[in-house]
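Protein chains in written order, with the numbering used here: chain E, 1 to 322; chain W, 1001 to 1248.
All residues carry an ideal CB built from backbone N, CA and C; glycine is no exception.
Single-structure report; data block below.
Here is the structure:
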């Protein structure tokens, strides 16, 4: 906006200058409303998602991570208070363990977790790969399904009424009870884990897309209709790009759920993976290695989370928040 | 005698039990600029939706050059209140949207829009994003997107309603000038009487809802019009006459 006001060329025929005597018309309220409208339009519409709190958090964090070349530094500055807090927590934890002499089977010190985790790095890495694979496959299935369902719902009001309640129901299933059944039904392979991840992440993705499509202003739809656009053209030219910001918000929520879902599915039963690794280490009272695997899981989630911003910049470079 | 470019013939429209259009009839000649004014909420926008073929009327007809085009969109290029420039397209690609929808190849569409950029004060902003434009420029880009479709009638729905007063005055003077060079047939909806008098050859006054044409006022002011025009006694007279018929 600022660049425009500086570079704005004088339109032909305006030489007369627009003084206070110009036919200025009524400025009542219209200008303010219009300005606000324009800003909303540029920012896109934050998605309504099942987890309001998460969305707000993701939206708030977004400016720090999408701000381009300054992004990394900006993110560091923005993340600095968290780092200080984490460091303080670790120091307090270390001190507590040393002071009370609590047994490492109950509570290992952070240093011990790091030490033992590093010593077991090959084992942990060997279990990280399957978890990543399961996450990728499961989330890919979830994304594919989410897109198909969301597009179908967008095109058919009947399907919208038919499927929306089912989407909500899919989110109320107690995964903790379902997961072991899935193992019984589908065995220890990839399938039950993919199903768990899909069940957990499918909902935010589908809803994010459906709401994104629906956030298309009515006026934009009418504009396209006045141009003679078909339903498919309206979808391709407006509704699809319009939904992208909300899709990426949903993607961020989904990807973090996906990792957690994968770990959980593996925890219940698997031949390899961080989930089953944690379960085995817990059974042999290696609390330190459980926590080391937890750290790896967290790093994995954060990396994937950050990756979505990279993808977003590539796919919708026009979208800037704030 | 050739039929008028645009004829509205007794348009009726109700939303449920709420009658909005109660037999709206008027004509617009070829190359004529007609402004439609009316009290707030009288149904101006509904009238446009019906004329543009976005909403079917409950009765009445819309004719272009004597041909019934009721419910059809292809005779009109429609400019809504918001500029509705899409942030994922460059300014140039925003202006070619209507042509692309109509099946014109992207490259050909660009070649049709590009020559208009200078006239519309957008020279050098072809590859810019809409967010880089000022409010007035956005509105001009939206108008360019409208006229490049080369439809018989332009429907402008309060195109400057969202602009600040000074930008708005700029835009009105610019539109009066550019319109003199192109032979557009324009119907402009506005709630701004001065804008109507300044831009139009004729002003159609609508009554309160359910609305119909209350009166028509010809604006006999010389063209091209500029800021001096508004000091013309005829300008004040037309303005007073319209205000009188609206407030009464």
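Quiz prompt | Proximity below 7 Å, CB of residue 1204(W) to CB of residue 1213(W) | solution = Yes, Cβ-Cβ distance for residue 1204(W) and residue 1213(W) is below 7 Å.
Self-check item: Proximity below 7 Å, CB of residue 1189(W) to CB of residue 1158(W)
Solution: With a cutoff of 7 Å on beta-carbon distance, residue 1189(W) and residue 1158(W) are scored as near each other.
Self-check item: Closest residue to residue 1220(W) among 1093(W), 1206(W), 1235(W), 1102(W) (Cα-Cα distance)
Solution: When each option's Cα is compared against that of residue 1220(W), the closest is 1235(W).
Exercise. Consult DSSP for residue 1201(W) and reduce its assignment to one of helix, strand or coil.
Key: Three-state DSSP puts residue 1201(W) in coil, outside helix and strand.
Exercise. Put residue 1060(W) into one of helix, strand or coil per three-state DSSP.
Key: Strand.
Exercise. With a threshold of 16 other CB atoms inside 10 Å of the CB of residue 80(E), please say whether the residue is buried or exposed.
Key: Exposed: under 16 other Cβ atoms inside 10 Å.
Practice problem: For residue 1151(W), name the three-state secondary structure that DSSP assigns. | Solution: Note: residue 1151(W) maps to coil in three-state DSSP.
Practice problem: Using a cut-off of 7 Å between C-beta atoms, extract the partners of residue 1095(W) located in chain E. | Solution: Within chain E, no C-beta atom comes nearer than 7 Å to that of residue 1095(W); the closest sits roughly 12 Å away.
Practice problem: Starting from the beta carbon of residue 1102(W), find every residue of chain E whose beta carbon is closer than 8 Å, and list them in chain order. | Solution: Under the 8 Å cutoff, chain E gives 227, 228.
Quiz item: Name the DSSP beta bridge partners of residue 1067(W), please?
Solution: The partner list for residue 1067(W) (beta bridge, DSSP) reads 1064(W).
Quiz item: Excluding five sequence neighbours on each side, which residues of the same chain lie with their C-beta closer than 7 Å to the C-beta of residue 271(E)?
Solution: Contacts found: 188.
Quiz item: Are any of the Cβ atoms in chain W nearer than 7 Å to that of residue 233(E)?
Solution: Among the CB atoms of chain W, one or more fall inside 7 Å of the CB of residue 233(E).
Quiz prompt | Closest residue to residue 160(E) among 206(E), 137(E), 196(E), 135(E) (Cα-Cα distance) | solution = It is 206(E) whose Cα lies nearest to the Cα of residue 160(E).
Self-check item: residue 1109(W) beta carbon less than 7 Å from that of residue 1090(W)
Solution: By the CB criterion at 7 Å, residue 1090(W) and residue 1109(W) fall outside the cutoff.
Exercise. Starting from the C-beta of residue 145(E), find all residues in its chain whose C-beta is less than 7 Å away, skip the five residues before and the five after it, and write them out in chain order.
Key: Taken in chain order, the residues that qualify are 198, 202.
Quiz item: DSSP on residue 1219(W), reduced to helix/strand/coil?
Solution: For residue 1219(W), the secondary structure class from DSSP, reduced to helix, strand or coil, is coil.
Exercise. Within its chain, find whatever has a CB closer than 7 Å to the CB of residue 97(E); leave out the 5 residues flanking it on each side and keep chain order.
Key: Taking residue 97(E) as the centre and dropping the five residues before and after it, the same chain places the C-beta of 107, 109 closer than 7 Å to its C-beta, in chain order.
Quiz prompt | Continuous alpha helix (DSSP H) stretch holding residue 278(E): start and end | solution = For residue 278(E), the enclosing alpha helix (DSSP H) covers residues 274-283.
Exercise. Please name the residues in the segment 238-250 of chain E whose beta-carbon is closer than 9 Å to at least one beta-carbon of chain W, in chain order.
Key: For the segment 238-250 of chain E, the set of residues with a beta-carbon nearer than 9 Å to any beta-carbon of chain W comprises 238, 241, 242, 244, in chain order.
Quiz item: Using the beta-carbon count (16 or more within 10 Å), is residue 1183(W) buried or exposed?
Solution: Exposed: under 16 other Cβ atoms inside 10 Å.
Quiz prompt | Neighbour flag for residue 223(E) against chain W, beta carbons, 7 Å | solution = Yes, its Cβ sits closer than 7 Å to a Cβ of chain W.
Quiz item: Along chain E, which residues have their Cβ under 8 Å away from the Cβ of residue 1076(W)?
Solution: Identification of chain E residues near residue 1076(W) by a Cβ-Cβ cut-off of 8 Å yields 226, ordered along the chain.
Quiz item: Can you give the Cα-Cα distance for residue 222(E) and residue 1103(W), rounded to whole angstroms?
Solution: Computed Cα separation, rounded: 18 Å.
Practice problem: Check whether the segment 1136-1143 of chain W touches the segment 1160-1174 of chain W, counting contact only when three or more Cβ pairs, one atom from each stretch, lie closer than 8 Å. | Solution: Result yes; three or more Cβ-Cβ pairs closer than 8 Å.
Self-check item: Three-state secondary structure assigned by DSSP to residue 1077(W)
Solution: DSSP places residue 1077(W) in strand when its eight states are reduced to three.
Quiz item: So with Cβ pairs under 7 Å, would you call residue 214(E) a contact of chain W?
Solution: Judged by the 7 Å Cβ criterion, residue 214(E) is not in contact with chain W.
Exercise. Evaluate residue 1053(W) with the Cβ neighbour count: other Cβ atoms within 10 Å of its Cβ, from every protein chain shown; 16 or more gives buried, anything less gives exposed.
Key: Of the other Cβ atoms in all chains shown, 16 or more fall within 10 Å of the Cβ of residue 1053(W); this residue is therefore buried.
Self-check item: Element boundaries [beta strand (DSSP E), containing residue 1033(W)]
Solution: Residues 1033-1037.
Quiz prompt | Contact under 7 Å by Cβ, residue 219(E) with residue 1080(W) | solution = Between residue 219(E) and residue 1080(W), the CB-CB gap stays under 7 Å.
Quiz item: How about residue 164(E) and residue 262(E): do their beta carbons lie closer than 7 Å?
Solution: No; because the gap between Cβ atoms is not below 7 Å, this pair is not in contact.
Self-check item: Same chain only: Cβ atoms within 6 Å of residue 266(E), ignoring 5 sequence neighbours per side
Solution: Non-local C-beta neighbours of residue 266(E) in its own chain, meaning closer than 6 Å and more than five positions away in sequence, comprise 273, 275, 276, ordered along the chain.
Quiz item: What did DSSP end up calling residue 154(E) once you bin it into helix, strand or coil?
Solution: DSSP, read as helix, strand or coil, puts residue 154(E) in helix.
Quiz item: Given a limit of 9 Å on CB to CB distance, which residues of the segment 1035-1056 of chain W reach chain E?
Solution: Taking 9 Å as the Cβ-Cβ cut-off, the segment 1035-1056 of chain W approaches chain E at 1049, 1052, 1053, 1054, given in chain order.
Quiz item: According to the Cβ coordinates, are residue 1152(W) and residue 1064(W) closer than 7 Å?
Solution: Their beta carbons are under 7 Å apart, which means residue 1152(W) touches residue 1064(W) by this criterion.
Quiz prompt | is_contact[residue 1071(W), chain E] using C-beta, thresh 7 Å | solution = The beta carbon of residue 1071(W) does not come within 7 Å of any beta carbon belonging to chain E, so the residue lies off that interface.
Quiz item: Quick one: is residue 220(E) near chain W, going by C-beta distance under 7 Å?
Solution: Cβ-Cβ to chain W under 7 Å: yes for residue 220(E).
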